[in-house]
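Trainee: Take this structure first; my questions come after.
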Amino acid sequence: MTKENKKTPQQRDKGKKATKRTRFKRGHQAHRRTISRPKSPTESSFFRNSKPQENSTNSRPNTNGKQHYQDIDIITCNIEGVKANMKFLEQLSQKHVFICLQEHWLWTFEKDYIDKHIPGMMNHSRCHDVNDPISNFQIPRGREGVAILWPSSLDSHVKKLEDGNERIIAIEIQTMNKATCLVNVYMPTKKSNSDVDYQAHLDILQAIMDKYEDTHTIVFCGDMNGTLLKERNNSHDKKLAKFIKANKLNVHQEMITNSTPTFYHNDGKSTSQIDYIFSNNDAINTAMERKATQLTNFYGKKLTKKKYRNVLNQLIATCNWNDSDVNEKVNQLTSILHKTADKVVPKKLIKLTGFENKASPKVRQLIQASKQKHRECDNAGRPRNNHILFVEKKSAKRALRRQQRKEVAIEREQFLQRLEKDPNDKAFFQLIKRNQSSVKSNTPEILIDGVKTAKTPSSQRETFADYFKNLATPQENPNFKNELLTSSTNRCNLIKELSKNITKKKILVTQQEILNAIQKLKNGKSPDEYGITAEHIKYAGNEITHIYQNIFNQIFEEGKVATSFKTGVITPVPQKGKDLTQTTNYRGITVTSAHGKVYEYVLIEKAGLSPTMAALILSEVFSEINGKDLLFITTLDSQKAFDVVNHQILLDKLYYLGVDIEYWDVIEDMYNGVTSTVKWQGDTSLSFSIDQGVRQGGILSSHLYKQYINELLSELEAHNMGISIGNTYAGCPSCADDIVLLSNDQNEMQEMLNTVISLARRTLYSLIKTGVHDTNGLNPRTSCKIYQVYVIPRLLYGLETLNLQNKDTLALCSFHLSTLKHIQSLPNRTATSTVYLLLGALPITAELHKRQLSLLHSIAMSHNNSIREIAWRQHTAGRPNSFFKRINDILDMYQLPSFNEIMNQHYNKLDWKNIVRTAISSHWTVKLKADCEEKSTLKLLSKRNLNIGQTHNVWDTISSSVKDVRKAATKVRMLTGTYMLQTLKVKFNQAEIDPTCPICKLEAEDLKHLLTSCPAYRHIRKSHFQQIKEYVVSKIGNSVWTINFNNKMAITELLIDCQSFVERKILPNDKMILRTIEMKSRDYCHLIHMKRMNITYV
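Be aware that the sequence shown starts at 3, since it is given in the working numbering, and climbs by one per residue.
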């Protein structure tokens, strides 16, 4: 703070953080940002009026009414305890509109403290104990916490957002033209081992940025605990600067240039600059109208495959497949698939205007009733208060909203159930869309290609067409050797003549090869220009393999590919972080014929164009040098590589690399007369010719490109440049248009792991809302399924081949374990084994082992001789850092077949997957259960049904509602021995703590006392426990109850985990009975918990 601000005595005793302020003025212009800095707090302004009001600089806005306001102050301050600095906070509330506080030092039961002491201000706040609320008995010193305050008169313009955690909080402010997302941040303090936590919080900010950047002005403010000043450059500072640069955030440069301090130490000598206000500068309005284009879709449950195939067979029988040419056969097949889908596949209606989802009949009826009551009230002069018409209007509105909320909740529950049963790519993107603020658009208002400017969708479409046409046309290049092109063209002509005059072998495609190719098609992709999707073909299955066989054999016999296989639709896809107004910053992804994709998959296998495993080769090179030498790694990525492949040179190389002339003929014809159109804004351009390049998105493209650059790879191998593994050259593994050159240097494994963990964390935040998981209403079972299916693959991608060090494995384990704890709202002190077993989840090391064993199977089934030679050699050599040494240890660990047996027996992929899953699950179930037995805190937890792959009843019996999840979160803490009672405080507190119940003062407060003895909860036991008893007695009989539940400890066990009584054959092993007891006991425990919190908070 500056000297101009008056301080209270409490403030003079503390080191205070300076405050910073930002002002927004709203009008026409999109984000013209100016910064001014008066003598007191820093200001930054966004003007949306052509002439901003000059008299509003130091005054609060008039917030009366619902119109958008012109001037908003945002001020940020690390308050270091609101109780000690309430007078100062009152002064801030009188001068400023939006107040962002860090370190308010309030606990959850004290959240209403600000409301009581600053009337007229609303707030959105989170406390340090938000995941694990504490009571007010012997409370510790305040910690952390963030809050945003605003006047109650602005409440209709402000929406609290769920994003963030106990250190990050966000609100949405409805401002003119574009809403503002205000994010208040208190980043972790610099200390030993704080880098991981700091990066985790930056990832949360990145998730918020990704979610809102296209639809909102984003303002980050608060205590960053990192500086942008050049004189300091610790790990926090570097990470903060990288985050700001990556997201192109604006910061007050004058403040940085002048090294203006925002923090003053209480010694009065040292200062620092760690508090900032950043914002994005959204110069492009991306709000564009979008229309639906696809009116049909496949629904797995609604579509009967048998009916689909019956209709298909009837239509197939009406066609002649023998005498027609290839093009006619393909057209007939396309027509048949469309007709079959029209008759069988249910239609998905999409409204082009109005609400996204169609209203149900019940909702439509309530809408009409609400409108009718509204008209009657209007006609009567809009009476208020207790008038019958006013009351009826309000009741009709409530009934409508109640029904809408009910249907939304039902739809959400059904979606989550489908997600758990079938977590596919479509569900993945639906989940991301549900967590985004609104539909994002990458459509620029202006498109520039050189000097030409396009503003309308049609002109932009033609601009893109010209751009991609130029890319597909060979250009004059002084560095290009025309002699090479001439000689290649001449040789290709000779090859064509040779093909006409020799007897070629007959290529026959089998139906099994076609069926394998069909299975490789990916569901949920865009239809081709003929309206055919992978689903059309997959649902047909065996019914059309003989037709494909007929068509493909005819293609190989005639050497002529169907014309539709040579056409495509190019969709311009923007490159991340690039200027969207420039055509050069778009990559063209081509959607080719679905029939053509099946053909290309068949051709790849028959022509022998499969790639090698570059990552495995790289890993084995590391083990080969065994730390004796350094390994240099150089990666080459050819810019626009696919777009400039010359067709004549490619064909020339294919022939001389040994591609049979029968396959050479059809590949040559595939690239003869290729055409494309550009799809943009729902319409397509005129067709144009593709005279060079292999298509982005094409099945054959990456394989053909590798053959195109094979001369370079061969040259390196011929001169023995790089590394060999034994006698096998491994100096230049490649993948698509990326090449890796290996020599001797050290690899920065830690940086790579930090990157993949950060990527996994951001993926998790985009799927499961950042925030407290027991308050977002998502069943932890569902959250875990989402995490396992969509996040873990990104976390472990490519790591199966690497030799991870202990610290690397620990970093992965730490992220994995903390994620599972967060999903279940469990505190850090929870026993690790129960964190896994309650969800039936594997440790991250076991997940990695599954992927390593899957890679071993791929090696065993590979037809690539180099890979198999390396595998046998490395297995025999037994290098300590080799993948094959590690895989032998893993096989022994899980008692799986030996390496020799796997390499020679050729297990079926599905059989091998089942063998591995069973072995790993059994091993970890036994290991984790044994660990549970040793924990005294888990004495009430039954180990009977704790198995990998099986969710405990505490999570299995709840719905995805906030209420149920919160109840279960309370119960699971009791189940794991982490529910904070006085006896537990004695164990984990160095200070002397009285274990006696602070409410009744009669005996030590443990779970038995809390649930069965404390007189404060007598009325709950009288009503709710009696229901549990009556239900159990109805199932086992009164005599069995009297014998087995005659003491309070047995009743406590029943309430916490009734599974133990199944083991003793007291309760029947009936799933419905156990679920009912679990649900009733959960409600009982939560009522006790809420009563205890209310008593202790008074």
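The C-beta atom is built at its ideal place from N, Cα and C for all residues, glycine as well. Quantities reported herein were computed from a predicted structural model and do not represent experimental measurements.
Pop quiz: Ser490 and Asp667 are said to be a contact at Cβ under 8 Å. What is the actual Cβ separation, rounded to whole angstroms?
Mentor: Here residue 490 corresponds to residue number 488 of the sequence shown, with the count starting at 1. Here residue 667 corresponds to residue number 665 of the sequence shown, with the count starting at 1. Rounded, the Cβ-Cβ distance is 17 Å, inconsistent with contact.
Trainee: Would you identify the three-state DSSP class for Ala343, choosing helix, strand or coil?
Mentor: The residue you call residue 343 lines up with position 341 of the sequence shown. Three-state result, Ala343: helix.
Trainee: Just how far apart, CA to CA, sit Arg143 and Glu1032?
Mentor: Numbered from 1 along the sequence shown, position 141 holds the residue referred to as residue 143. Numbered from 1 along the sequence shown, position 1030 holds the residue referred to as residue 1032. Arg143 and Glu1032: Cα-Cα distance of roughly 45 Å.
Trainee: Could you check the C-alpha separation between Leu156 and Phe222 for me, to the nearest Å?
Mentor: For the purposes of this step, residue 156 is taken as the residue at position 154 of the sequence shown. For the purposes of this step, residue 222 is taken as the residue at position 220 of the sequence shown. Their Cα atoms are separated by approximately 20 Å.
Trainee: Just to check, is the beta-carbon of Leu653 closer than 7 Å to a non-hydrogen atom of the ligand NAP?
Mentor: Of ligands this structure carries none, so the ligand NAP is not represented either.
Trainee: Could you compute how far the alpha carbon of Gln897 sits from the alpha carbon of Ala921?
Mentor: Locating residue 897 in the sequence shown gives position 895, counting from the first residue. Locating residue 921 in the sequence shown gives position 919, counting from the first residue. Taking the straight line from one Cα to the other gives about 7 Å.
Trainee: May I ask which residues mark the beginning and end of the alpha helix (DSSP H) holding Asp225?
Mentor: Sequence index remark: in the sequence shown, residue 225 carries index 223 (1-based). Where Asp225 is concerned, there is no enclosing alpha helix (DSSP H), although the beta strand (DSSP E) it sits in stretches over His218 to Asp225.
Trainee: Within the stretch 501-570, note down every full alpha helix (DSSP H) run reaching 4 residues or more, in order along the chain.
Mentor: 513-521, 536-542 and 547-560
Trainee: For Lys568 versus Gly695, is the C-beta spacing smaller than 8 Å?
Mentor: Your numbering for residue 568 matches position 566 in the sequence shown. Your numbering for residue 695 matches position 693 in the sequence shown. Against a cut-off of 8 Å, the Cβ pair of Gly695 and Lys568 comes out as no contact.
Trainee: Do you know how far the Cα of Lys787 is from the Cα of Leu844?
Mentor: Your numbering for residue 844 matches position 842 in the sequence shown. Your numbering for residue 787 matches position 785 in the sequence shown. Straight-line spacing of the CA atoms in Leu844 and Lys787 works out to 12 Å.
Trainee: When DSSP builds the beta bridges, which residues end up paired with Leu943?
Mentor: Working through the sequence shown from its first residue, we reach residue 943 at position 941. Paired residues: none, contrary to the question.
Trainee: Check for me: the alpha helix (DSSP H) holding Asn991 runs from which residue to which?
Mentor: Mapped onto the sequence shown, residue 991 falls at position 989. In this chain, Asn991 is not harboured by any alpha helix (DSSP H), its DSSP state being neither H nor E.
Trainee: Mind checking Thr972: buried by the 16 CB within 10 Å criterion, or exposed?
Mentor: Taking the first residue of the sequence shown as position 1, residue 972 is located at position 970. Thr972 is buried by the Cβ-count criterion.
Trainee: Are Leu249 and Asn227 touching if we call contact CB-CB under 8 Å?
Mentor: Your numbering for residue 249 matches position 247 in the sequence shown. Your numbering for residue 227 matches position 225 in the sequence shown. According to the sequence provided, residue 249 is Asn. The question's Leu does not apply to it. Result no, Cβ atoms of Asn249 and Asn227 do not sit closer than 8 Å.
Trainee: For Asn381, is the classification buried or exposed, using 16 other Cβ atoms within 10 angstroms of its Cβ as the cut-off for buried?
Mentor: Numbered from its first residue, the sequence shown carries residue 381 at position 379. Label assigned to Asn381: exposed.
Trainee: Please determine, among Thr765, Leu780, Arg783 and Glu849, the residue with the shortest C-alpha to C-alpha distance to Glu802.
Mentor: As a first step, residue 802 is located in the sequence shown; it is residue number 800 there, counting from the start. Looking at the Cα atoms, Glu849 is the closest of the given residues.
Trainee: Does DSSP put Phe690 in a helix, in a strand, or in coil?
Mentor: As a first step, residue 690 must be located in the sequence shown, where it is residue number 688. Correct three-state label for Phe690: strand.
Trainee: Could you check the C-alpha separation between Tyr1013 and Ser820 for me, to the nearest Å?
Mentor: Position 1011 of the sequence shown, counting from 1, holds the residue named residue 1013. Position 818 of the sequence shown, counting from 1, holds the residue named residue 820. According to the sequence shown, residue 1013 is Leu rather than Tyr. Roughly 30 Å separates the two Cα atoms.
Trainee: At the level of alpha carbons, what is the spacing between Tyr789 and Ser961?
Mentor: The residue given as residue 789 occupies position 787 in the sequence shown. The residue given as residue 961 occupies position 959 in the sequence shown. So the two alpha carbons sit approximately 18 Å from each other.
Trainee: Relative to the C-alpha of Tyr278, which residue among Met189, Thr320 and Gly543 is closest?
Mentor: What you label residue 278 is simply residue 276 of the sequence shown in a count that begins at 1. Nearest option by C-alpha distance: Met189.
Trainee: Please go through the same chain and pick out, in chain order, the residues whose beta-carbon is closer than 7 Å to the beta-carbon of Leu761, but skip the five residues on each side of it.
Mentor: Here the question's residue 761 lines up with position 759 in the sequence shown. So the qualifying residues of the chain are Arg796.
Trainee: Drop a sphere of 10 angstroms on the beta-carbon of Ser194, count the other beta-carbons inside from all chains shown, and report buried for 16 or more, exposed for fewer.
Mentor: Working through the sequence shown from its first residue, we reach residue 194 at position 192. When all chains shown are included, Ser194 counts as exposed.
Trainee: Label Leu496 either buried or exposed according to how many other C-beta atoms from any shown protein chain fall within 10 Å of its C-beta, with 16 as the threshold for buried.
Mentor: As a working note, residue 496 is residue 494 in the sequence shown. Exposed, by the Cβ-count rule.
Trainee: Could you tell me how far apart the beta carbons of Ser944 and Ile1030 are, in whole angstroms, since I believe they sit closer than 8 Å?
Mentor: Here residue 944 refers to the residue found at position 942 when the sequence shown is read from its first residue. Here residue 1030 refers to the residue found at position 1028 when the sequence shown is read from its first residue. No, Ser944 and Ile1030 are not in contact; Cβ-Cβ is about 17 Å, not under 8 Å.
Trainee: Alpha carbon to alpha carbon, how far is Ser924 from Cys815?
Mentor: Mapped onto the sequence shown, residue 924 falls at position 922. Mapped onto the sequence shown, residue 815 falls at position 813. Answer to the nearest angstrom: the Cα atoms are 20 Å apart.
Trainee: According to DSSP, is Ile1090 helix, strand or coil?
Mentor: For the purposes of this step, residue 1090 is taken as the residue at position 1088 of the sequence shown. Three-state result, Ile1090: helix.
Trainee: What span of residues does the alpha helix (DSSP H) with Phe1047 cover, start to end?
Mentor: By 1-based counting over the sequence shown, the position of residue 1047 is 1045. No alpha helix (DSSP H) holds Phe1047; DSSP gives it neither H nor E.
Trainee: Just confirm the distance between the C-beta atoms of Asp197 and Ser237, as a whole number of angstroms; I'd bet it's less than 8 Å.
Mentor: Numbered from its first residue, the sequence shown carries residue 197 at position 195. Numbered from its first residue, the sequence shown carries residue 237 at position 235. Contact holds; Cβ gap of about 5 Å.
Trainee: Report the option in Gly842, Phe990 and His877 whose CA atom is closest to the CA atom of Val928.
Mentor: Here residue 928 is taken as the residue at index 926 of the sequence shown, counted from 1. The candidate whose alpha carbon is nearest that of Val928 is Gly842.
Trainee: Quick check: what's the CA-CA separation for Phe49 versus Thr182?
Mentor: If you number the sequence shown from 1, residue 49 lands on position 47. If you number the sequence shown from 1, residue 182 lands on position 180. Low confidence applies to Phe49: its pLDDT is 25, below 50, so where it sits in the model is not reliable, and the reading given next is rough at best. Each residue's Cα considered, the two are about 13 Å apart.
Trainee: Would you tell me roughly how many angstroms separate the C-alpha atoms of Thr320 and Val332, rounded to the nearest one?
Mentor: Here the question's residue 320 lines up with position 318 in the sequence shown. Here the question's residue 332 lines up with position 330 in the sequence shown. For Thr320 and Val332, the distance between alpha carbons rounds to 15 Å.
Trainee: Helix or strand or just coil, what does DSSP make of Thr182?
Mentor: In the sequence shown, the residue the question calls residue 182 occupies position 180. Reduced to three states, the DSSP call for Thr182 is strand.
Trainee: Does DSSP put Ala319 in a helix, in a strand, or in coil?
Mentor: Position 317 of the sequence shown, counted from the start, is the residue given in the question as residue 319. Three-state DSSP puts Ala319 in coil, outside helix and strand.
Trainee: Would a C-beta distance cut-off of 8 Å place Cys79 and Asn186 closer than the cut-off?
Mentor: Along the sequence shown, one-based indexing puts residue 79 at 77. Along the sequence shown, one-based indexing puts residue 186 at 184. Contact flag unset, no.
Trainee: Can you tell me which of the three DSSP states Asn746 falls into?
Mentor: In the sequence shown, counting from the first residue as 1, residue 746 sits at position 744. At Asn746, the pLDDT of 41 sits below 50, so the modelled position is not reliable; the number obtained from the coordinates is stated separately. If DSSP states are grouped into helix, strand and coil, Asn746 belongs with the strands.
Trainee: Give the DSSP-derived three-state secondary structure of Tyr909 in the structure shown.
Mentor: Locating residue 909 in the sequence shown gives position 907, where the first residue counts as 1. Tyr909: coil per DSSP, three-state reduction.
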